[in-house]
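A.B. asks: First, the structure itself, so that you have it in front of you.
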Amino acid sequence: MFRKRLFITFTFTFGIFLFIFSLIFLREEIRLVHTRMKEKGEKILEGLLHPARFFLLTGDSSVVEVGKEYMEDPDVLSIAIFDSHRKPVLLLGNIIPVKKDDFLSLRLMARRERGYLFMMPITLPVGGLFEEKHERISGYLGVFISDAPFRKAIVTFAGEVVFFLLFFAGLGFVISHYLSRRLTENIDALLKGVEEIEKGRFEKKIEIRGEPELERLAQSINQMAESLKKRIDEIERLNAELREKSEKLDEAYRKVVISERAKSEFFESVSHEFRTPLQVIGGYTELLLKEKLSKKAREKLERIRKSVERLSELIESVLSLKTRSPEDYKEVDLKEIVKKVVLSMDEKLGKRKINVEVEVGETPSLRAVPEELERAFEAILMNAISSGAETIKIYGGRKNREVEINIEDGGGKESLGLSIARMIVEAHGGRFEIEGDKIKIGFEV
Numbered sequence: 001m002f003r004k005r006l007f008i009t010f011t012f013t014f015g016i017f018l019f020i021f022s023l024i025f026l027r028e029e030i031r032l033v034h035t036r037m038k039e040k041g042e043k044i045l046e047g048l049l050h051p052a053r054f055f056l057l058t059g060d061s062s063v064v065e066v067g068k069e070y071m072e073d074p075d076v077l078s079i080a081i082f083d084s085h086r087k088p089v090l091l092l093g094n095i096i097p098v099k100k101d102d103f104l105s106l107r108l109m110a111r112r113e114r115g116y117l118f119m120m121p122i123t124l125p126v127g128g129l130f131e132e133k134h135e136r137i138s139g140y141l142g143v144f145i146s147d148a149p150f151r152k153a154i155v156t157f158a159g160e161v162v163f164f165l166l167f168f169a170g171l172g173f174v175i176s177h178y179l180s181r182r183l184t185e186n187i188d189a190l191l192k193g194v195e196e197i198e199k200g201r202f203e204k205k206i207e208i209r210g211e212p213e214l215e216r217l218a219q220s221i222n223q224m225a226e227s228l229k230k231r232i233d234e235i236e237r238l239n240a241e242l243r244e245k246s247e248k249l250d251e252a253y254r255k256v257v258i259s260e261r262a263k264s265e266f267f268e269s270v271s272h273e274f275r276t277p278l279q280v281i282g283g284y285t286e287l288l289l290k291e292k293l294s295k296k297a298r299e300k301l302e303r304i305r306k307s308v309e310r311l312s313e314l315i316e317s318v319l320s321l322k323t324r325s326p327e328d329y330k331e332v333d334l335k336e337i338v339k340k341v342v343l344s345m346d347e348k349l350g351k352r353k354i355n356v357e358v359e360v361g362e363t364p365s366l367r368a369v370p371e372e373l374e375r376a377f378e379a380i381l382m383n384a385i386s387s388g389a390e391t392i393k394i395y396g397g398r399k400n401r402e403v404e405i406n407i408e409d410g411g412g413k414e415s416l417g418l419s420i421a422r423m424i425v426e427a428h429g430g431r432f433e434i435e436g437d438k439i440k441i442g443f444e445v
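Per our numbering: the sequence shown = residues 1 to 445.
Right, dumping it as structure tokens:
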């Protein structure tokens, strides 16, 4: 395409240059023809001058003979002698001159000839030839030369210019037609390639020859098609993986639904199986406490009543996992929850003479149900109290991307309380581990 534009520009510029050069050359050719005709006219006049004087003085007809010699020149149309008023008194060639602008239009028989009249002033003695009756009279010796050479030169030169202009115009047309045809073929190839890409056929490459701009465009389209093919293949692969994972998620969801249903049924069963006997035990314990009992029996009944209350609270903790809603979650500080639980159980710990050491560093806030976390730590401490611990150490803080709380001598033996604590922690996405008498609880932050 660039070469086509360059060729057209060159052809147009060369045409203008040729035209300007032709005008300059034509002007020079006209000047040269005029000069040659002027020189020829002056030469003829000089050749006629002496015989003309001789004729006027002696009446000899040699001037006529000399004139006839010049008349044999095809470019000489007429030879004449004019008086002072430029009226012809001697004509050779039987041509009637008529003054018109800067040249004479002469009529020879039925033809109309054009040419240039060259005149030389002369002074002639009276010989009875002129009308004036003076001793000497001025007149003119003239020769009329045809402009045929001039016109022939112009026509020849114009023909050559027209030939060259037509030649270059034809050459430009042929080359432009060839380049346009090749350009059209290349554009058709581009369109077909784009249509193939639209149909999803990325294998076929676009091939362009002879047009650098279109070649670069074709290369860009081929690269785009290759990139699209890779992207589409990648998308298809990801879709396949997504379908596979979706099927796995559907299966996992189905299992979760089944698990949730089983858990719900378990909760309902636990609620029914535990609440009913606990209510009965609690009711009888309250009745017995109203009777007159010994101190020892009353203490035992109190222990039974408190155990029933504790078991009821644990059951409520389990059931709360089933009934909680997103509104129950709040930003909580694990350190403050630990302090609150230890403070609330201070009386029970004091009666058992259990020393609790708390060393928990600053912890970032968590989204959790605060009441459930409190029940979890209460269950752990109650388990430690039940196991007969003398000292309970609670320490921890932020560790990497996790908040970890360690409870030493927390009664690591599995129990209902620890099982419920584990359920609460894991329900919040936490980690619950038992290592001997040490319990580790961790939450990601």
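Every residue gets a Cβ at the ideal spot worked out from N, C-alpha and C, and that includes glycine.
D333: which of P326, R367 and E309 sits nearest, CA to CA?
C.D. replies: The shortest C-alpha separation from D333 is found at R367.
A.B. asks: Quick one: does R243 have its CB under 8 Å from some CB of chain D?
C.D. replies: Any reference to chain D falls outside this structure, which holds one protein chain only.
A.B. asks: From E316 to G361, what does the alpha carbon distance come to, in whole angstroms?
C.D. replies: So the two alpha carbons sit approximately 31 Å from each other.
A.B. asks: Using only the alpha-carbon positions, how far apart do E251 and G282 sit?
C.D. replies: Whole-angstrom Cα-Cα distance: 45 Å.
A.B. asks: Could you pull out every unbroken alpha helix (DSSP H) segment of at least 4 residues lying fully inside the region 400-428, listed in chain order?
C.D. replies: Whole alpha helix (DSSP H) segments, 4+ residues: 416-427.
A.B. asks: Would you kindly work out how many angstroms separate the C-alpha atoms of T285 and K348, rounded to a whole number?
C.D. replies: Computed Cα separation, rounded: 21 Å.
A.B. asks: DSSP on A225, reduced to helix/strand/coil?
C.D. replies: The answer is helix: DSSP assigns A225 an H, G or I state.
A.B. asks: Have a look at R112 and I145 and give me their C-alpha separation to the nearest angstrom.
C.D. replies: Because the pLDDT of R112 is 45, which lies under 50, any placement of that residue in the model is unreliable, and the number read from its coordinates should be weighed accordingly. C-alpha separation (whole angstroms): 14 Å.
A.B. asks: Taking just the CA atoms, how far does A169 sit from A218?
C.D. replies: Distance between the alpha carbons of A218 and A169: 32 Å.
A.B. asks: Note down, in chain order, each residue of its chain lying with its Cβ closer than 8 Å to the Cβ of R422, except the 5 sequence neighbours on either side.
C.D. replies: Contacts found: F432.
A.B. asks: Thinking just about the alpha-carbon of each residue, which of S78, T156, I16 and P277 is nearest to the one in E29?
C.D. replies: E29 has its Cα closest to that of T156, out of S78, T156, I16 and P277.
A.B. asks: In the DSSP assignment, the beta strand (DSSP E) including A389 goes from what residue to what residue?
C.D. replies: Unbroken run through A389: none, as it is neither H nor E.
A.B. asks: Three Cβ pairs or more, each shorter than 8 Å: is that satisfied between the region 368-384 and the region 335-346?
C.D. replies: Counting Cβ pairs under 8 Å, three or more are found: they touch.
A.B. asks: Let me check understanding here. Comparing Cα to Cα, which of E234, E236, V194 and V33 lies closest to A225?
C.D. replies: Out of E234, E236, V194 and V33, V194 has the C-alpha closest to the C-alpha of A225.
A.B. asks: Near L418, which residues of its chain fall below 6 Å by C-beta distance, leaving aside the five closest residues on each side in sequence?
C.D. replies: Once the five neighbours on either side are set aside, the close Cβ partners of L418 are N383.
A.B. asks: Please look up how many angstroms separate the CB atoms of I434 and I385, rounded, as I've assumed it's under 8 Å.
C.D. replies: Incorrect: roughly 17 Å between the Cβ atoms, too far for contact.
A.B. asks: What does DSSP give as the partner residue(s) for S78 in the beta ladder?
C.D. replies: DSSP lists F144 as partners of S78.
A.B. asks: Apart from the five residues just before and just after T35, which ones in its own chain have a Cβ nearer than 7 Å to its Cβ?
C.D. replies: Same-chain partners within the cutoff: there are none.
A.B. asks: Between the alpha carbons of V280 and E444, how many angstroms are there, rounded?
C.D. replies: Looking at the two C-alpha atoms, the distance is approximately 42 Å.
A.B. asks: Within 10 angstroms of the Cβ of I258, are there 16 or more other Cβ atoms? Answer buried if so, exposed if not.
C.D. replies: Flag for I258 reads exposed.
A.B. asks: What distance in whole Å lies between the Cβ atoms of V425 and I441, which are believed to be in contact at a cut-off of 8 Å?
C.D. replies: With a Cβ gap of about 6 Å, I441 and V425 count as contacting.
A.B. asks: Check this for me: beta carbons of L311 and L301, under 8 Å apart or not?
C.D. replies: Not closer than 8 Å, so no.
A.B. asks: Can you tell me whether K87 is helix, strand or coil according to DSSP?
C.D. replies: K87: coil per DSSP, three-state reduction.
A.B. asks: Which of helix, strand or coil does DSSP assign to K353?
C.D. replies: DSSP places K353 in coil when its eight states are reduced to three.
A.B. asks: Just verifying my parser: in three-state terms, what is the DSSP assignment at P121?
C.D. replies: It is a strand residue.
A.B. asks: Using a 10 Å radius around the Cβ and a threshold of 16 neighbouring Cβ atoms, would you call S78 buried or exposed?
C.D. replies: Classification of S78: buried, given that the 10 Å Cβ count is 16 or more.
A.B. asks: May I have the straight-line CA-CA distance separating A80 from T13, to the nearest angstrom?
C.D. replies: C-alpha separation (whole angstroms): 51 Å.
A.B. asks: Can you tell me the Cα-Cα spacing of L56 and F167, whole angstroms?
C.D. replies: Because L56 carries a pLDDT of 44, less than 50, the predicted location of this residue cannot be relied on, and the following value inherits that uncertainty. Their Cα atoms are separated by approximately 60 Å.
A.B. asks: Mapping the DSSP letters down to three states, classify Y329 as helix, strand or coil.
C.D. replies: Y329: coil per DSSP, three-state reduction.
A.B. asks: Should A389 be labelled buried (16 or more other beta-carbon atoms within 10 Å of its own) or exposed?
C.D. replies: With 16 or more other Cβ atoms within 10 Å, it is buried.
A.B. asks: If you follow the alpha helix (DSSP H) that K438 is part of, which residue opens it and which one closes it?
C.D. replies: Where K438 is concerned, there is no enclosing alpha helix (DSSP H), although the beta strand (DSSP E) it sits in stretches over K438 to E444.
A.B. asks: Does E234 pass the burial test, meaning 16 or more other C-beta atoms within 10 Å, or should it be called exposed?
C.D. replies: By the 10 Å Cβ count, E234 comes out exposed.
A.B. asks: Taking DSSP as the reference, what is the three-state secondary structure of V360?
C.D. replies: The answer is strand: DSSP assigns V360 an E or B state.
A.B. asks: Starting from E291, trace the beta strand (DSSP E) in both directions and tell me its first and last residue.
C.D. replies: Where E291 is concerned, there is no enclosing beta strand (DSSP E), given that its DSSP letter is neither H nor E.
A.B. asks: Among residues of its own chain, excluding the 5 on either side of E357, which ones have a beta-carbon nearer than 6 Å to its beta-carbon?
C.D. replies: If we look at E357 and ignore the five residues flanking it on each side, its Cβ neighbours are K393.
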